[in-house]
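> Below: one structure in C-alpha cells.
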C-alpha cells in the first residue's frame, strides 16, 4: 500500500541529500536518508533546532581552542601567535582605557588611544564594561596585578557569552532568510572558520545585525530591514555596501517605495547611534575614519605582499578607490543588464567580496563577513569546502607569519605567507566568477532550481522585471518565468 505524500512547494528543499553531492555522500556514510517511519518521529528536530545545536557545539569548540591563551595569573605570557589563539578583546580592554573606567569616545586620557571602531561597537564594549563591573570586575586606575588579571578574565568571559548569543542569532536568521532552504544555514553553524575566528574581535555583532537585516528584507519588512542595516553599519562599515545592489535591484523592478522605506530606516538608525558622539566628541568620532585613511597596505592584503616583496604601491588610497569603483560599476552593469534579474543575496556577496579582495587589510575575522553572504549566493558544499580550506590555511599562515615560524633559516622572506594570501584571494575570485556566471545563466543557480525566483529577495521575489542595456533606455520587459524545475538527482556542479 502506498501512502500519499503532501505536495512540496516549489523550490523547497526538505532533503539536502537529494540536491547536493557532498551531503548525499555524508548521508550514505552515516546510513543513508531517513526512512518514512524514522522521519515521522523527527518533527521536534526542526532545521532551526538542529542548526542552533550544531552552532552551539561549533562555538564551544572555539572556546576550547582559545584556552591556551587565557591568562589566569600575573606574569603569564602565552605565545598567542604561535598558538593561533590571539584575540583583541582582553588587550583592548586594558589598552583603550575600559579597565580604567573610561567610557569610549566620551572620556579620554593621554594614557590611552581613542577606540578606533565605529560607534555602535564602542557602545557594545561599554555595555560589556558595565556588565564586568556589575559582576565584580575591578575597574579604575592603580589596580594591582591580580586585580588586572581577574578583571580582564571576567571581561573576556562576558564577551564569550554575548558573542556566542550573537552567533546563535545570526544562525537563526540565516535559517529563516531564504524560504525553502533552511538547511543551507548549516554551512554557517558548522563552519570551522567560526570556531577559529569568532572570538578575535567583536565582528559577530555586525554579523548578527546584518543577518537580521537580510531576514527582515526577505520577509518584506523594508523599514525594519533598513533600521537593522543602519545599526550594522554603525558597528562596522561594510554593511553599507548592501545598499548598492539593493538600490539597483529596486530600480530594475520599480520597487521604489520599498527602497525609500529601507533607506529611511537606515539613515534614522545610523544617525541616532552616531549623532551623540559627533556632537559631543567629534575628534573621537573621526578616529575610525582617519585610522583607516592613514593605513597603508596591511596584513592579509595583496598590497602587503607587494610591500614585503620590496615593491610598495604608491598612492594606495587612490588605487584602492579606483579598483573598488571599477568593481562596483561592473556589478552594477551586471544587475541592470543581466538577461534575468539577479538574486539579491548573490549581488550582495559580489560587492562585499570585491571590497575584501581590493581592501588594504584582511584581518582573520573578516572571513565572518563573507561566509553568510557566500551561503546566500552559492550554497554548494563543494564551494564551502574550498572557501573554508583557503581561509583556514590563511588563518594559520598569518599567525605563524607574525610569530616568525614561517621565516626560513637563511633569513629570507616567508613566502609561504605570500602564497596563503594569494590563494585566499584566488579562491574568492573563483567564487565571484561562479556567482557572475549564475547571474548570466540562471539555470546554473542552485537556489533557483525547482521553480524559485529570489526566495530571499523580499519584495523582489517574482517582481516584474525590466532589463537595461547600454544601447538604449529601458528594454522590453524580461520574462519572470522561473528556470525549468530540475529533477532530484546528482548535482552536476558538485
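Numbering (the UniProt record's numbering), first residue to last: 1 to 494. Glycine included, C-beta positions come from ideal geometry on N, C-alpha and C.
1) From the DSSP secondary-structure annotation, give me the bridge partner or partners of residue 410.
2) Just to confirm the assignment, what range does the alpha helix (DSSP H) spanning residue 495 have?
3) According to DSSP, simplified to helix, strand and coil, what is residue 191?
4) Do you know whose CA, among 232, 420, 284, lies nearest residue 96's CA?
5) Where residue 270 and residue 407 are concerned, what is the direct C-alpha to C-alpha distance, given to the nearest angstrom?
6) So, using beta-carbon positions, are residue 579 and residue 249 closer together than 9 Å?
7) Pick out whichever of 256, 68, 345 has its Cα sitting closest to the Cα of residue 213.
8) I'd like to know whether the C-beta atoms of residue 421 and residue 255 end up nearer to each other than 9 Å.
9) Quick one: what's got a C-beta closer than 6 Å to residue 438's C-beta in the same chain, skipping five residues either side?
10) Judging by CA-CA distance, which residue of 144, 170, 137 is the nearest neighbour of residue 155?
11) What whole-angstrom Cβ distance do residue 106 and residue 280 have, given they're in contact under 8 Å?
12) In three-state terms, what does DSSP make of residue 445?
13) Taking the alpha carbon of residue 176 as the reference point, which residue from 94, 414, 47 has its own alpha carbon closest?
14) If distances are taken between C-alpha atoms only, which option among 174, 397, 380 comes closest to residue 449?
15) Taking the alpha-carbon positions, what's the residue 3 to residue 186 distance?
16) Check residue 112 in the structure and name its three-state DSSP category.
17) Less than 7 Å between C-beta atoms, sequence neighbours within five positions excluded: which residues of the same chain meet that for residue 160?
18) By the DSSP assignment, the alpha helix (DSSP H) with residue 372 in it spans what residues?
19) If you draw a straight line from the alpha carbon of residue 453 to that of residue 140, how long is it in whole angstroms?
20) Which residues in the same chain as residue 210 place their Cβ atom closer than 6 Å to its Cβ, once the five residues preceding and following it in sequence are excluded?
21) Is it true that the segment 395 to 407 meets the segment 427 to 437, where meeting means three or more beta-carbon pairs spaced less than 8 Å apart?
22) Only counting runs of 4 or more residues, tell me where the alpha helix (DSSP H) segments fall wholly within the segment 53 to 109, in order along the chain.
23) Could I get the ranges of all uninterrupted alpha helix (DSSP H) runs contained in the segment 315 to 339, with 4 residues as the minimum, in chain order?
24) Quick check on the DSSP output: the alpha helix (DSSP H) that includes residue 426 runs from which residue to which?
25) Which runs of the alpha helix (DSSP H) at least 4 residues long sit entirely within the segment 214 to 264? Give them in chain order.
26) Would you mind sorting residue 49 into buried or exposed? The rule is 16 or more other CB atoms within 10 Å of its CB.
27) Taking just the CA atoms, how far does residue 299 sit from residue 308?
28) Please report how far the alpha carbon of residue 241 lies from the alpha carbon of residue 158, in whole angstroms.
29) Are there 16 or more other CB atoms within 10 angstroms of the CB of residue 464, so buried, or fewer, so exposed?
30) Grouping DSSP H, G and I as helix and E and B as strand, with all else coil, what is residue 139?
31) Identify whether residue 159 lies in helix, strand or coil by the three-state DSSP scheme.
32) Drop a sphere of 10 angstroms on the beta-carbon of residue 310, count the other beta-carbons inside from all chains shown, and report buried for 16 or more, exposed for fewer.
33) If you draw a straight line from the C-alpha of residue 413 to the C-alpha of residue 419, how long is it?
If we stick to the structure as given:
1) Stepping through the chain shown from its first residue, residue 410 is reached at position 410. DSSP lists no partner for residue 410.
2) Given a span of 1 to 494 for the chain in the structure shown, any question on residue 495 remains unanswerable.
3) As a working mapping, residue 191 is identified with position 191 in the chain shown. In this structure, residue 191 counts as coil in the three-state DSSP scheme.
4) Within the chain shown, residue 96 is the residue found at index 96, counting from 1. With distances taken between Cα atoms, residue 96 lies closest to 284.
5) Residue numbering aside, residue 270 sits at position 270 when the chain shown is read from its first letter. Residue numbering aside, residue 407 sits at position 407 when the chain shown is read from its first letter. Rounded to the nearest angstrom, the two C-alpha atoms are 44 Å apart.
6) Given a span of 1 to 494 for the chain in the structure shown, any question on residue 579 remains unanswerable.
7) Sequence index remark: in the chain shown, residue 213 carries index 213 (1-based). Nearest C-alpha to residue 213: 345.
8) Counted from its first residue, the chain shown places residue 421 at position 421. Counted from its first residue, the chain shown places residue 255 at position 255. No, the pair does not count as a contact, with Cβ atoms beyond the cut-off.
9) Residue mapping note: residue 438 aligns to position 438 of the chain shown, counting from 1. In its chain, beyond the 5 residues on either side, 444, 445 have a beta carbon closer than 6 Å to the beta carbon of residue 438.
10) In the chain shown, counting from the first residue as 1, residue 155 sits at position 155. Of the listed residues, the one whose Cα sits closest to residue 155 is 137.
11) Counted from its first residue, the chain shown places residue 106 at position 106. Counted from its first residue, the chain shown places residue 280 at position 280. That belief holds up - the Cβ atoms of residue 106 and residue 280 are roughly 6 Å apart, short of 8 Å.
12) In the chain shown, residue 445 corresponds to position 445, counting from 1. It is coil, neither helix nor strand.
13) Working through the chain shown from its first residue, we reach residue 176 at position 176. The shortest C-alpha separation from residue 176 is found at 47.
14) Counted from its first residue, the chain shown places residue 449 at position 449. Of the candidates 174, 397, 380, 380 places its Cα closest to the Cα of residue 449.
15) Taking the chain shown and counting its residues from 1, one reaches residue 3 at position 3. Taking the chain shown and counting its residues from 1, one reaches residue 186 at position 186. Low local confidence applies: a pLDDT of 36 at residue 3 is under 50, so the model's placement there is unreliable, and no value is given.
16) Counting from one through the chain shown, the residue named residue 112 turns up at place 112. In the three-state scheme derived from DSSP, where H, G and I count as helix and E and B as strand, residue 112 is classed as strand.
17) Here residue 160 is taken as the residue at index 160 of the chain shown, counted from 1. Closer than 7 Å at Cβ, skipping near neighbours: 63, 199.
18) As a working note, residue 372 is residue 372 in the chain shown. Run containing residue 372: 367 to 377, per the alpha helix (DSSP H) assignment.
19) Here residue 453 refers to the residue found at position 453 of the chain shown. Here residue 140 refers to the residue found at position 140 of the chain shown. Cα to Cα, residue 453 sits roughly 57 Å from residue 140.
20) Against the chain shown, residue 210 aligns to sequence position 210. Excluding sequence neighbours, residue 210 sits near 232, 239.
21) Contact between the segment 395 to 407 and the segment 427 to 437 is absent: fewer than three C-beta pairs spanning the two stretches fall below 8 Å.
22) 88 to 95
23) 316 to 337
24) The residue given as residue 426 occupies position 426 in the chain shown. First-last of the alpha helix (DSSP H) with residue 426: 415 to 440.
25) 222 to 235, 243 to 253
26) Along the chain shown, read from residue 1 onward, the residue named residue 49 stands at position 49. Answer is exposed; the Cβ neighbour count stays below 16.
27) The residue you call residue 308 lines up with position 308 of the chain shown. The residue you call residue 299 lines up with position 299 of the chain shown. Residue 308 and residue 299: Cα-Cα distance of roughly 10 Å.
28) As a position in the chain shown, residue 241 is number 241, starting the count at 1. As a position in the chain shown, residue 158 is number 158, starting the count at 1. Rounded to the nearest whole angstrom, the C-alpha separation of residue 241 and residue 158 is 31 Å.
29) Within the chain shown, the letter at position 464 stands for residue 464. Exposed, by the Cβ-count rule.
30) Walking along the chain shown from the start, residue 139 turns up at place 139. In this structure, residue 139 counts as coil in the three-state DSSP scheme.
31) By 1-based counting over the chain shown, the position of residue 159 is 159. Helix at residue 159.
32) The residue given as residue 310 occupies position 310 in the chain shown. In this structure residue 310 is exposed. Its beta-carbon is surrounded by fewer than 16 other beta-carbon atoms within 10 angstroms.
33) Taking the first residue of the chain shown as 1, we reach residue 413 at position 413. Taking the first residue of the chain shown as 1, we reach residue 419 at position 419. Inter-residue distance for residue 413 and residue 419 is about 12 Å (C-alpha atoms, whole angstroms).
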